[in-house]
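In my numbering, the protein residues as written are 10 to 279.
Note that the Cβ used here is the ideal one computed from N, Cα and C, for glycine as well.
Note that this is a predicted model, so its numbers are computed, not measured.
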Amino acid sequence: MTAAAPPFVEAGSQIAADAELGPGVWIGPFCRIGPGVVLEEGVRLTSHVSVEGPTRIGAHTLVHPFAALGGPPQHSRYRGEVTSLVIGAQCTIHEHVTIHRGTPFGRGQTTLGAQVLVMAGAHVGHDCQIGDNAVIAGQSGLGGHVEVGAHTIIGGGAMVHQFCRIGTRAIVGGGAAVDADVIPYGSALGNRARLGGLNLTGLKRAGLPRATIHALRHAYTGLFLTSDGLFADRLVRVAEAYADVPEVMTIIAFLRDAGHRPVLGASKDG
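In structure tokens, the structure reads:
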């Protein structure tokens, strides 16, 4: 096996003495790497990238110009406490993205999973948790403490209120203003956003069987598109009817695990 090349740093970049650069790291011109930063194997910073610590960037992640990673959280109570940012492997972070560290009164850490794509001009606030393979499109913004599930898409220009949860394989439409939790596999549209049904395109792309998608559609109707009884009663009925469908039970578990925000309701068009 061929050993990875040693780290390479272009002239004009500033690297803190205690920063850790893994094998094969490539740092282009005019980057600034602060104290407490760890760049794992093969990380590539193209140029004009700022990384403040404590921050760890996973192997083979690519960061484009003018991204600012690991900056202090935008919170009026923050007083310089030690918090961190962790970015997973094989992520792509585009131009002018900002991702801030956590807060001591939150999780203390902002995290991105593996293979996350963050497009130009997006902002990921303090204490956010972003799942694997998520897409955060250009000029979108995530407030503090937002949770984004795996394989979820946040559309361009969308804004998500702090403490909201966006479930796995959900989609937030471009320009949406989200102030409530979005169920797994859901589609949030508009300002203010409402549920516009399921993310059927995403479900089909994921290769879910037709029977599973059919069950999800019926479960969605039973939960959100009927006024038959209290929501808690509908939740019980759907859970009993689809106990053998893991994807439906993922929605049920999400709804039972109440967060800080209410759950996004459905539009009249459903």
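A straight-line Cα-Cα distance of about 10 angstroms links G231 and D242.
In the displayed model, V34 falls within coil according to three-state DSSP, outside both helix and strand.
The C-beta distance from T55 to V34 rounds to 13 angstroms, too long to meet the 8 angstroms contact threshold. The three-state secondary structure of A220, taken from DSSP, is helix. Here the alpha carbon of P82 sits roughly 37 angstroms from the alpha carbon of L244.
One thing to note: A189 has its Cβ no nearer than 8 angstroms to the Cβ of V106.
Take G166, set aside five residues on each side of it, and the residues of its chain with a beta-carbon closer than 7 angstroms to its own are Q148, S149, G183 and G184, in chain order. DSSP, read as helix, strand or coil, puts A13 in coil. The beta carbon of A25 sits closer than 8 angstroms to those of I42, G43, P44, G45, V46 and G62, all from its chain and outside the five residues before and after it, given in chain order. Here the alpha carbon of E249 sits roughly 23 angstroms from the alpha carbon of L212. Here the alpha carbons of L94 and G80 stand approximately 9 angstroms from one another. Shown here, T210 sits in a helix according to DSSP, grouped into three states. In the DSSP assignment, I108 falls outside any alpha helix (DSSP H) and lies within the beta strand (DSSP E) extending over T107 to H109.
Residue pairing by DSSP puts Q118 in a beta bridge opposite S93.
Non-local C-beta neighbours of R174 in its own chain, meaning closer than 6 angstroms and more than five positions away in sequence, comprise E156, D190 and G268, ordered along the chain.
Taking 4 residues as the shortest admissible run, the stretch 115–176 contains no complete alpha helix (DSSP H) segment at all. For T161, the closest alpha carbon among the candidates L121, A129 and G130 is that of L121.
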